[in-house]
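The block underneath contains the structure these notes are about, expressed in structure tokens.
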Amino acid sequence: MICDVHVLTLETDNKDWLNQCLSSLEPEPVNVHLIPGIVGHIGKGRAAGFSAGSSPFVSFVDSDDYVMPGAFKRAVDKLESNPNLSAVCSAEQVMDEDGNVTKQNKYSNDYDELTQGQFLLYVHHLVVLRRSAIEQYLDFIADIPNRCEFCTWAEMMYDGHEFGYVDSVDYSWRYRAGSAKHSVPVDKRHMNQFTNRRKAILDRS
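When the letters of the sequence shown are read in order and numbered with numbering that gives the first Met the number 0, they come out as residues 0 to 204.
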């Protein structure tokens with residue numbers, strides 16, 4: 000398998016949503032790792048997930064979301080054909096709690112005109128990274144309770160890692176009021192660092 004994908008799980012997970020998530024991963028060329036989540040601290044679970052396996056590429060899918068067929072092949076193909084990229088992200092569709100699609104967050108064809116600092120605002124799901132690129136940030140990730148992904152992408156870009164875009168809607172994100180974004184306090188220290196990093200990236204673009 001070409002990619003290790005982790006799914007953070009909690010006892011409170013909706014089992015139907017988790018089954019849908021795992022079913023969407025079955026035909027993908029990935030190793031799936033179910034990682035016990037830590038209530039109130041997404042970063043520690045995420046760091047453990049990125050450490051799982053030994054494939055050259057890593058990613059994650061939230062337990063209430065799912066991926067589209069071929070999502071990971073498209074992402075890995077992009078990375079393999081662009082050795083300068085440390086990570087890529089795809090577009091996503093947004094659905095409500097009942098699974099009804101409410102909108103598509105698909106970037107326009109002028110993405111190539113965006114600087115990395117501007118692009119940083121768009122990076123959400125699906126994200127596939129080179130293991131060699133993310134490994135040095137595992138301690139950083141583990142220190143952040145919430146929004147650890149955004150903070151890490153900013154840190155990586157600040158350090159010179161380049162992110163690319165796969166022009167395909169490859170992820171279905173279930174937006175709900177009880178999601179981790181709303182239920183886990185935001186770490187102000189790291190979010191301030193995110194803001195400063197993004198400003199620095201924009202300034203040097």
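We put the beta carbon where it would ideally sit given N, CA and C, even for glycine.
- Residue pairing by DSSP places PRO35 opposite THR8 in a beta bridge.
- Annotation: CYS2 to ASP202 spans about 34 angstroms, alpha carbon to alpha carbon.
- Put simply, the backbone Cα of GLY39 is about 8 angstroms away from that of ASN145.
- The beta carbon of LEU17 is closer than 6 angstroms to those of SER62 in its chain, skipping five residues each way along the sequence.
- With contacts defined by Cβ atoms closer than 9 angstroms, VAL126 and CYS88 form a contacting pair.
- The shortest CA-to-CA distance from VAL168 to any of THR194, PRO35, VAL122, SER80 is the one to VAL122.
- Rounded to the nearest angstrom, the gap between the Cα atoms of PHE139 and VAL29 is 25 angstroms.
- DSSP, read as helix, strand or coil, puts VAL122 in coil.
- Using a Cβ-Cβ distance cut-off of 8 angstroms, the region 33-48 and the region 3-16 are in contact, since at least three pairs of beta carbons, one from each stretch, lie closer than that value.
- The beta-carbon distance between ALA199 and TYR170, rounded to whole angstroms, is 28 angstroms. This is too long to meet the 8 angstroms contact definition.
- Distance from the Cα of GLN135 is smallest, within the candidate group TYR65, ALA46, ASN99, GLU161, for ALA46.
- Burial is judged here by how many other beta carbons sit within 10 angstroms of a residue's own beta carbon; GLY48 has at least 16 and is buried.
- CA-CA distance, MET155 to THR101, rounds to 31 angstroms.
- Taking 9 angstroms as the cut-off, the Cβ atoms of VAL165 and ALA74 count as close.
- Looking at the DSSP output, TYR170 shares a beta bridge with VAL66, GLU91.
- Beyond the five residues adjoining it in sequence on each side, ILE143 comes within less than 6 angstroms, by CB distance, of GLY42, CYS150, ASP186, HIS189 in the same chain, given in chain order.
- Across the set PRO55, ASP64, ARG129, ARG197, the C-alpha of ARG197 shows the shortest separation from the C-alpha of LEU119.
- Collapsing the DSSP output to three states places GLU148 in a helix.
- Just measuring C-alpha positions, the residue of VAL66, LEU21, GLU96, GLU25 sitting nearest HIS124 is VAL66.
- GLN103 and ALA141 have their C-alpha atoms roughly 31 angstroms apart.
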